[in-house]
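Chemist: Take this structure first; my questions come after.
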(Lines of atoms letter the chains of each structure in order from A and count residues from 1; the text may use other names and numbers.)
(Lines give C-alpha, C1' and ligand atoms only; values in the text may rest on other atoms or scores of the structure.)
Protein backbone atom coordinates (compact mmCIF):
# COMPACT_ATOMS: atom_id res chain seq x y z
CA UNK A 1 0.00 0.00 0.00
CA UNK A 2 1.34 3.42 -0.90
CA UNK A 3 1.73 5.86 1.99
CA UNK A 4 1.93 9.01 -0.12
CA UNK A 5 -1.78 9.32 -0.85
CA UNK A 6 -3.88 11.30 1.57
CA UNK A 7 -7.35 12.69 1.20
CA UNK A 8 -9.39 14.38 3.89
CA UNK A 9 -12.80 15.81 3.09
CA UNK A 10 -15.55 17.36 5.18
CA UNK A 11 -18.71 18.92 3.84
CA UNK A 12 -20.94 20.50 6.47
CA UNK A 13 -23.92 20.93 4.14
CA UNK A 14 -24.10 17.20 3.48
CA UNK A 15 -22.99 16.04 6.94
CA UNK A 16 -20.21 13.87 5.60
CA UNK A 17 -16.70 13.52 7.00
CA UNK A 18 -14.30 11.42 4.99
CA UNK A 19 -10.57 10.71 5.19
CA UNK A 20 -8.53 8.21 3.21
CA UNK A 21 -5.12 7.03 4.45
CA UNK A 22 -4.86 9.73 7.07
CA UNK A 23 -1.44 9.40 8.64
CA UNK A 24 -0.59 10.48 12.20
CA UNK A 25 2.74 10.29 13.97
CA UNK A 26 1.86 11.70 17.38
CA UNK A 27 2.01 15.45 17.11
CA UNK A 28 -1.09 15.94 14.96
CA UNK A 29 -3.64 13.73 16.69
CA UNK A 30 -5.33 13.62 20.10
CA UNK A 31 -3.98 11.42 22.86
CA UNK A 32 -7.32 9.74 23.32
CA UNK A 33 -10.59 10.69 24.98
CA UNK A 34 -14.14 9.43 25.20
CA UNK A 35 -16.37 10.96 22.55
CA UNK A 36 -19.40 10.20 20.39
CA UNK A 37 -20.90 11.39 17.12
CA UNK A 38 -24.39 12.17 16.00
CA UNK A 39 -23.78 10.14 12.86
CA UNK A 40 -22.55 6.68 11.93
CA UNK A 41 -18.77 6.22 11.73
CA UNK A 42 -16.67 3.52 10.07
CA UNK A 43 -12.94 3.34 10.86
CA UNK A 44 -10.43 1.19 8.94
CA UNK A 45 -6.91 0.79 10.36
CA UNK A 46 -4.29 0.28 7.63
CA UNK A 47 -1.11 0.66 9.69
CA UNK A 48 -0.29 0.98 13.38
CA UNK A 49 -1.74 -0.23 16.66
CA UNK A 50 -3.91 1.13 19.41
CA UNK A 51 -6.69 0.44 21.87
CA UNK A 52 -10.41 1.01 21.81
CA UNK A 53 -13.17 1.01 24.42
CA UNK A 54 -16.80 0.67 23.29
CA UNK A 55 -19.77 -0.31 25.45
CA UNK A 56 -17.51 -0.88 28.46
CA UNK A 57 -15.36 -3.43 26.58
CA UNK A 58 -11.80 -3.01 25.37
CA UNK A 59 -10.44 -4.03 21.97
CA UNK A 60 -7.02 -4.03 20.34
CA UNK A 61 -6.52 -2.08 17.13
CA UNK A 62 -4.15 -3.65 14.61
CA UNK A 63 -3.61 -3.33 10.84
CA UNK A 64 -6.66 -4.68 9.03
CA UNK A 65 -9.13 -3.76 11.79
CA UNK A 66 -12.51 -2.30 10.84
CA UNK A 67 -14.70 -0.63 13.46
CA UNK A 68 -18.29 0.61 13.33
CA UNK A 69 -19.49 3.27 15.79
CA UNK A 70 -23.23 3.80 15.95
CA UNK A 71 -24.86 7.20 16.49
CA UNK A 72 -24.31 8.56 20.01
CA UNK A 73 -22.17 5.53 20.92
CA UNK A 74 -19.52 6.70 23.37
CA UNK A 75 -16.09 5.34 22.49
CA UNK A 76 -12.45 5.84 23.39
CA UNK A 77 -9.66 5.43 20.87
CA UNK A 78 -5.95 5.80 21.50
CA UNK A 79 -3.22 5.03 18.98
CA UNK A 80 0.40 4.09 19.52
CA UNK A 81 2.38 6.10 16.99
CA UNK A 82 5.69 7.74 16.18
CA UNK A 83 7.61 8.89 13.11
CA UNK A 84 8.82 5.32 12.64
CA UNK A 85 5.46 3.66 13.34
CA UNK A 86 2.65 5.94 12.11
CA UNK A 87 -1.04 5.32 12.60
CA UNK A 88 -2.76 5.23 9.19
CA UNK A 89 -6.52 4.97 8.95
CA UNK A 90 -9.50 5.77 6.75
CA UNK A 91 -12.72 7.21 8.16
CA UNK A 92 -16.27 7.73 6.98
CA UNK A 93 -18.71 9.57 9.21
CA UNK A 94 -22.12 10.76 8.06
CA UNK A 95 -25.58 11.75 9.21
CA UNK A 96 -27.88 8.75 8.50
CA UNK A 97 -30.97 10.91 8.26
CA UNK A 98 -29.56 12.65 5.18
CA UNK A 99 -28.83 9.49 3.19
CA UNK A 100 -31.26 6.78 4.24
CA UNK A 101 -33.52 7.24 1.22
CA UNK A 102 -30.68 6.29 -1.12
CA UNK A 103 -30.32 2.87 0.51
CA UNK A 104 -34.02 2.03 0.37
CA UNK A 105 -33.78 1.19 -3.35
CA UNK A 106 -31.82 -1.98 -2.52
CA UNK A 107 -33.74 -4.02 0.11
CA UNK A 108 -30.86 -6.33 1.09
CA UNK A 109 -28.39 -3.46 1.36
CA UNK A 110 -30.92 -1.35 3.25
CA UNK A 111 -31.50 -4.16 5.77
CA UNK A 112 -27.75 -4.42 6.36
CA UNK A 113 -27.46 -0.65 6.70
CA UNK A 114 -30.26 -0.55 9.28
CA UNK A 115 -28.67 -3.43 11.18
CA UNK A 116 -25.40 -1.54 11.53
CA UNK A 117 -27.27 1.59 12.45
CA UNK A 118 -29.67 0.33 15.10
CA UNK A 119 -28.99 -3.28 16.11
CA UNK A 120 -26.93 -4.46 19.05
CA UNK A 121 -23.78 -5.68 17.31
CA UNK A 122 -21.86 -8.65 18.79
CA UNK A 123 -18.70 -6.57 18.40
CA UNK A 124 -17.92 -3.21 16.81
CA UNK A 125 -14.76 -4.64 15.20
CA UNK A 126 -13.71 -6.98 12.43
CA UNK A 127 -10.07 -8.10 12.36
CA UNK A 128 -7.39 -9.16 9.88
CA UNK A 129 -8.98 -7.72 6.78
CA UNK A 130 -6.97 -8.55 3.67
CA UNK A 131 -5.50 -5.63 1.77
CA UNK A 132 -8.13 -6.16 -0.94
CA UNK A 133 -10.88 -5.80 1.68
CA UNK A 134 -9.68 -2.41 2.97
CA UNK A 135 -11.81 -0.39 0.50
CA UNK A 136 -8.92 1.13 -1.48
CA UNK A 137 -10.73 0.77 -4.81
CA UNK A 138 -13.89 2.49 -3.54
CA UNK A 139 -11.93 5.37 -2.03
CA UNK A 140 -9.78 5.83 -5.12
CA UNK A 141 -12.75 5.84 -7.49
CA UNK A 142 -14.38 8.45 -5.26
CA UNK A 143 -11.23 10.57 -5.39
CA UNK A 144 -11.49 10.71 -9.18
CA UNK A 145 -15.12 11.81 -9.19
CA UNK A 146 -16.73 15.20 -8.74
CA UNK A 147 -17.46 15.73 -5.05
CA UNK A 148 -19.73 18.75 -5.23
CA UNK A 149 -23.26 17.58 -4.57
CA UNK A 150 -25.35 15.32 -2.38
CA UNK A 151 -25.99 12.82 -5.16
CA UNK A 152 -22.26 12.17 -5.60
CA UNK A 153 -21.84 11.68 -1.85
CA UNK A 154 -24.77 9.30 -1.82
CA UNK A 155 -23.40 7.18 -4.67
CA UNK A 156 -20.10 6.91 -2.83
CA UNK A 157 -21.81 5.78 0.39
CA UNK A 158 -23.91 3.19 -1.42
CA UNK A 159 -20.78 1.78 -3.13
CA UNK A 160 -18.91 1.76 0.18
CA UNK A 161 -21.70 -0.04 2.05
CA UNK A 162 -22.13 -2.52 -0.78
CA UNK A 163 -18.52 -3.62 -0.26
CA UNK A 164 -18.84 -3.35 3.53
CA UNK A 165 -21.80 -5.75 3.44
CA UNK A 166 -19.71 -8.32 1.57
CA UNK A 167 -16.76 -7.89 3.95
CA UNK A 168 -18.97 -8.04 7.04
CA UNK A 169 -20.65 -11.27 5.93
CA UNK A 170 -17.30 -12.94 5.23
CA UNK A 171 -15.62 -11.87 8.46
CA UNK A 172 -18.55 -11.91 10.91
CA UNK A 173 -17.85 -15.49 12.09
CA UNK A 174 -14.74 -14.27 13.88
CA UNK A 175 -17.00 -11.93 15.86
CA UNK A 176 -19.77 -14.42 16.62
CA UNK A 177 -17.31 -17.14 17.63
CA UNK A 178 -15.01 -14.92 19.70
CA UNK A 179 -14.15 -16.38 23.08
CA UNK A 180 -15.69 -15.10 26.30
CA UNK A 181 -13.05 -13.51 28.50
CA UNK A 182 -12.84 -12.07 32.00
CA UNK A 183 -13.48 -8.30 32.03
CA UNK A 184 -10.47 -6.13 32.87
CA UNK A 185 -10.47 -3.68 35.79
CA UNK A 186 -11.21 -0.73 33.51
CA UNK A 187 -14.10 -2.61 31.90
CA UNK A 188 -15.58 -3.38 35.32
CA UNK A 189 -15.30 0.28 36.31
CA UNK A 190 -16.95 1.42 33.07
CA UNK A 191 -19.76 -1.11 33.44
CA UNK A 192 -20.40 0.11 36.99
CA UNK A 193 -20.52 3.73 35.79
CA UNK A 194 -22.81 2.85 32.88
CA UNK A 195 -25.35 1.31 35.25
CA UNK A 196 -25.30 4.37 37.55
CA UNK A 197 -24.30 7.41 35.49
CA UNK A 198 -27.62 9.15 36.23
CA UNK A 199 -26.91 8.98 39.98
CA UNK A 200 -24.49 11.01 42.12
CA UNK A 201 -21.04 9.43 42.06
CA UNK A 202 -19.92 7.63 45.21
CA UNK A 203 -16.32 6.49 44.92
CA UNK A 204 -16.55 4.54 48.17
CA UNK A 205 -19.63 2.61 47.01
CA UNK A 206 -17.92 1.81 43.73
CA UNK A 207 -14.78 0.64 45.53
CA UNK A 208 -16.78 -1.60 47.86
CA UNK A 209 -18.83 -3.19 45.10
CA UNK A 210 -15.86 -3.74 42.78
CA UNK A 211 -13.50 -4.79 45.58
CA UNK A 212 -10.94 -2.22 44.51
CA UNK A 213 -9.37 0.65 46.43
CA UNK A 214 -10.68 4.21 45.77
CA UNK A 215 -7.10 5.30 45.02
CA UNK A 216 -6.60 2.58 42.43
CA UNK A 217 -9.94 3.33 40.77
CA UNK A 218 -9.40 7.06 40.38
CA UNK A 219 -5.75 6.85 39.31
CA UNK A 220 -6.10 3.85 37.02
CA UNK A 221 -9.14 5.40 35.35
CA UNK A 222 -7.38 8.72 34.67
CA UNK A 223 -4.29 6.89 33.45
CA UNK A 224 -6.23 4.62 31.09
CA UNK A 225 -9.00 6.91 29.88
CA UNK A 226 -7.36 10.34 29.99
CA UNK A 227 -10.06 12.00 32.09
CA UNK A 228 -11.33 11.90 35.65
CA UNK A 229 -14.37 9.93 36.75
CA UNK A 230 -16.40 13.15 37.02
CA UNK A 231 -15.35 14.28 33.54
CA UNK A 232 -16.32 10.91 32.10
CA UNK A 233 -19.73 11.01 33.81
CA UNK A 234 -20.45 14.46 32.39
CA UNK A 235 -19.39 13.27 28.94
CA UNK A 236 -21.70 10.27 29.19
CA UNK A 237 -24.57 12.42 30.45
CA UNK A 238 -24.14 14.98 27.68
CA UNK A 239 -24.15 12.31 24.99
CA UNK A 240 -27.37 10.90 26.42
CA UNK A 241 -28.85 14.40 26.51
CA UNK A 242 -28.18 14.82 22.77
CA UNK A 243 -30.01 11.58 22.09
CA UNK A 244 -32.98 12.71 24.19
CA UNK A 245 -33.04 16.17 22.60
CA UNK A 246 -33.32 14.68 19.13
CA UNK A 247 -35.61 11.72 19.82
CA UNK A 248 -38.06 12.89 22.52
CA UNK A 249 -40.27 15.86 23.39
CA UNK A 250 -38.93 16.18 26.93
CA UNK A 251 -38.13 19.70 28.07
CA UNK A 252 -34.52 20.68 28.68
CA UNK A 253 -35.14 20.66 32.44
CA UNK A 254 -36.67 17.17 32.25
CA UNK A 255 -33.71 15.88 30.25
CA UNK A 256 -31.33 17.32 32.82
CA UNK A 257 -33.14 15.41 35.55
CA UNK A 258 -33.18 12.17 33.53
CA UNK A 259 -29.41 12.24 32.97
CA UNK A 260 -28.58 13.19 36.55
CA UNK A 261 -27.94 16.93 36.08
CA UNK A 262 -30.84 18.42 38.01
CA UNK A 263 -29.33 21.92 38.04
CA UNK A 264 -30.65 23.12 34.68
CA UNK A 265 -28.31 26.13 34.52
CA UNK A 266 -25.28 23.92 35.04
CA UNK A 267 -26.55 21.43 32.47
CA UNK A 268 -26.99 24.20 29.87
CA UNK A 269 -23.57 25.65 30.71
CA UNK A 270 -21.58 22.45 30.19
CA UNK A 271 -23.69 21.52 27.15
CA UNK A 272 -22.88 24.81 25.43
CA UNK A 273 -19.22 24.53 26.39
CA UNK A 274 -19.01 21.17 24.62
CA UNK A 275 -21.28 21.68 21.60
CA UNK A 276 -21.16 25.45 21.09
CA UNK A 277 -24.95 25.67 21.31
CA UNK A 278 -27.46 25.66 24.13
CA UNK A 279 -29.72 22.59 24.38
CA UNK A 280 -32.60 24.67 22.97
CA UNK A 281 -30.49 25.81 20.00
CA UNK A 282 -29.22 22.29 19.36
CA UNK A 283 -32.76 20.89 19.25
CA UNK A 284 -33.88 23.71 16.95
CA UNK A 285 -31.06 23.00 14.48
CA UNK A 286 -31.86 19.30 14.56
CA UNK A 287 -35.55 19.91 13.84
CA UNK A 288 -34.65 22.20 10.93
CA UNK A 289 -32.42 19.48 9.49
CA UNK A 290 -35.12 16.86 9.94
CA UNK A 291 -37.77 19.01 8.26
CA UNK A 292 -35.53 19.91 5.31
CA UNK A 293 -34.63 16.25 4.82
CA UNK A 294 -38.28 15.22 4.88
CA UNK A 295 -39.12 17.82 2.23
CA UNK A 296 -36.24 16.84 -0.06
CA UNK A 297 -37.24 13.16 0.05
CA UNK A 298 -40.84 13.84 -0.99
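Residue numbers (my numbering): 6 to 303.
Quick reminder that beta carbons are idealized off the backbone N, C-alpha and C, glycines included.
For clarity, every value in this text was computed on a predicted model and none was experimentally measured.
1) Take residue 72 and list the residues in its own chain whose beta-carbon comes closer than 6 Å to its own, dropping the five residues that flank it on each side.
2) Among 170, 234, 141, which residue has its Cα nearest to the Cα of residue 118?
3) Take the Cβ of residue 175 as the centre, count every other Cβ of all protein chains shown within 10 Å, and call the residue buried at 16 or more, exposed below.
4) Closest to residue 140 by C-alpha separation, out of 244, 51, 235, would be which residue?
5) DSSP state of residue 159, grouped into three classes?
6) Pick helix, strand or coil for residue 266, following the three-state DSSP scheme.
7) Relative to the C-alpha of residue 105, which candidate in 159, 279, 168 has its C-alpha closest?
8) Relative to the alpha-carbon of residue 177, which residue among 193, 134, 162 has its alpha-carbon at the smallest distance?
9) Quick check for students: name the residue ranges of the beta strand (DSSP E) that lie wholly in the stretch 44–118, counting only runs of 3 or more.
10) Quick one: is residue 112 buried, meaning 16 or more other Cβ sit within 10 Å of its Cβ, or exposed?
11) Quick check: what's the CA-CA separation for residue 189 versus residue 222?
12) What first and last residue would you give for the beta strand (DSSP E) that runs through residue 25?
13) For the alpha helix (DSSP H) containing residue 200, name the first residue and the last one.
14) Could you tell me the alpha carbon to alpha carbon distance between residue 172 and residue 166, rounded to whole angstroms?
15) What number of angstroms, rounded off, separates the C-alpha of residue 74 from the C-alpha of residue 54?
16) For residue 28, is the classification buried or exposed, using 16 other Cβ atoms within 10 angstroms of its Cβ as the cut-off for buried?
17) Since residue 251 is in the alpha helix (DSSP H), which residue starts that stretch and which ends it?
18) Please name the residue in 274, 93, 62 whose C-alpha comes closest to that of residue 126.
19) Using the Cα positions of residue 236 and residue 229, report the straight-line distance between them to the nearest angstrom.
20) Expressed to the nearest angstrom, what Euclidean distance is found between the alpha-carbon atoms of residue 39 and residue 238?
21) Could you tell me the distance, in whole angstroms, from the CA atom of residue 272 to the CA atom of residue 261?
22) In the structure shown, what three-state DSSP assignment does residue 42 receive?
Modeler: So, from the data block:
1) Sequence index remark: in the chain shown, residue 72 carries index 67 (1-based). In the same chain as residue 72, and ignoring 5 residues on each side of it, the C-beta atoms closer than 6 Å to its own belong to 48, 129, 130, in chain order.
2) Along the chain shown, read from residue 1 onward, the residue named residue 118 stands at position 113. Per the Cα distances, 170.
3) Residue numbering aside, residue 175 sits at position 170 when the chain shown is read from its first letter. Exposed.
4) Residue numbering aside, residue 140 sits at position 135 when the chain shown is read from its first letter. Closest option to residue 140, Cα to Cα, is 51.
5) If you number the chain shown from 1, residue 159 lands on position 154. Residue 159: helix per DSSP, three-state reduction.
6) In the chain shown, residue 266 corresponds to position 261, counting from 1. Here residue 266 sits in coil by DSSP.
7) To locate residue 105, count along the chain shown from 1; it is residue 100. Among 159, 279, 168, the Cα nearest to that of residue 105 belongs to 159.
8) Translated into positions along the chain shown, residue 177 becomes position 172. The shortest C-alpha separation from residue 177 is found at 134.
9) DSSP runs (the beta strand (DSSP E)) wholly in the stretch 44–118: 45–52, 54–59, 62–66, 70–74, 80–85, 92–99.
10) As a first step, residue 112 must be located in the chain shown, where it is residue number 107. Exposed, since its Cβ has fewer than 16 Cβ neighbours within 10 Å.
11) In the chain shown, the residue the question calls residue 189 occupies position 184. In the chain shown, the residue the question calls residue 222 occupies position 217. Computed Cα separation, rounded: 12 Å.
12) One-based indexing of the chain shown puts residue 25 at position 20. 21–29 is the extent of the beta strand (DSSP E) around residue 25.
13) Residue 200 sits at position 195 when you count from the first residue of the chain shown. That run of the alpha helix (DSSP H) goes 190–201.
14) Counted from its first residue, the chain shown places residue 172 at position 167. Counted from its first residue, the chain shown places residue 166 at position 161. Just so you know, the alpha carbons of residue 172 and residue 166 end up roughly 9 Å apart.
15) For this step, residue 74 is matched to residue 69 along the chain shown. For this step, residue 54 is matched to residue 49 along the chain shown. Looking at the two C-alpha atoms, the distance is approximately 18 Å.
16) Working through the chain shown from its first residue, we reach residue 28 at position 23. With 16 or more other Cβ atoms from the protein chains shown falling within 10 Å of its own Cβ, residue 28 counts as buried.
17) Residue 251 sits at position 246 when you count from the first residue of the chain shown. Taken as a continuous stretch (DSSP letters only), the alpha helix (DSSP H) holding residue 251 covers 234–252.
18) As a first step, residue 126 is located in the chain shown; it is residue number 121 there, counting from the start. Here the closest residue by C-alpha is 62.
19) The count along the chain shown starts at 1 and reaches residue 236 at position 231. The count along the chain shown starts at 1 and reaches residue 229 at position 224. Each residue's alpha carbon lies about 14 Å from the other.
20) On the chain shown, residue 39 is found 34 positions in, with the first residue counted as 1. On the chain shown, residue 238 is found 233 positions in, with the first residue counted as 1. Rounded to whole angstroms, residue 39 to residue 238 spans 10 Å at the Cα level.
21) Walking along the chain shown from the start, residue 272 turns up at place 267. Walking along the chain shown from the start, residue 261 turns up at place 256. Cα to Cα, residue 272 sits roughly 6 Å from residue 261.
22) Counting from one through the chain shown, the residue named residue 42 turns up at place 37. In the structure shown, residue 42 sits in coil (DSSP, three-state: anything other than H, G, I, E or B).
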